Amino acid sequence: MSGAMRLRHQLPVLTWLVLIWILLWGTLSWANLLSGLLVAVLVTNVLPLPAVMAGARLHPVALLRFAGYFLKDLTVSSAQVAWQAIRPSGMQQGAIIAVQLRTDSDLLLTLIAESLTLVPGSIVLDLDRPRRTLGVHLLHVDDMDDVERQRAGVLTMEKRVVRAFGTKEDIARLEDTPRQGDDGPVGEPVSGSDGAEVSR
């Protein structure tokens, strides 16, 4: 593989590692940006991963849109979790839901899972690769409408990641595959943390 092609394949991973580095430091600065880039280059060259990048594409406009929404979700969710932790009624009910994704790329599935886990209030517990299904723990839900709203949020995150990093085929599959729940609930119920049933 030529140097230019290798760099093109590594660019999404480098971008993602730099973004995570900046989030870990909590401050956007030239020093953090440059040090994050240096760490990302060292990690991808000293500890190379298997070639899961083949076929990935970087779409700058969609990437900026994804980053903007991600930072917004991060801010809003952090405030919501903080309020739920200190309010008198506390967190009364959580839930575990299964969400079937539409993408079939190992890289994109990983990016989606990582993005969801980085946002406070949800964490990915399981990834069923053959079925492309995520098991997601929701820290707090009010009712079934809230569950479906947060499920839709997972699918929205998938759409943003695919449009930012996916190939034309990945994006086309995203548009052609019906969203989960379009034809009603799918699968068996999953129990909430207080024993209430939450549909898949």
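Numbering-wise (full-length UniProt numbering), the sequence shown opens with residue 1 and increments by one.
Even glycine gets a Cβ: it sits at the ideal position worked out from N, Cα and C.
All of these numbers come straight from a predicted model, not from anything done at the bench.
### Query
With 16 other CB atoms within 10 Å as the buried threshold, where does ARG129 fall?
ARG129 comes out exposed.
### Message
Report the start-end ranges of each beta strand (DSSP E) in the region 70-125 that is 3 residues or longer and not cut off at the edges.
### Response
95-100
### Task
May I have the straight-line CA-CA distance separating ALA31 from ASP176, to the nearest angstrom?
43 Å
### Query
Among VAL13, GLY121 and LEU134, which residue has its Cα nearest to the Cα of ARG57?
VAL13
### Task
Report the rounded CA-to-CA distance for LEU63 versus VAL46, giving the unit in angstroms.
26 Å
### Task
Give the range of the beta strand (DSSP E) segment to which LEU155 is assigned.
From DSSP, LEU155 is part of no beta strand (DSSP E) but of the alpha helix (DSSP H) over 144-165.
### Task
Please state whether DSSP places LEU139 in a helix, a strand or coil.
coil
### Query
Can residue 206 and VAL99 be called in contact, C-beta distance under 8 Å?
A query on residue 206 cannot be resolved here, the shown segment of the chain reaching from 1 to 200 and no further.
### Query
Is THR103 buried or exposed, if buried means 16 or more other CB atoms sit within 10 Å of its CB?
buried
### Message
So for THR133, helix, strand or coil by DSSP?
### Response
The answer is strand: DSSP assigns THR133 an E or B state.
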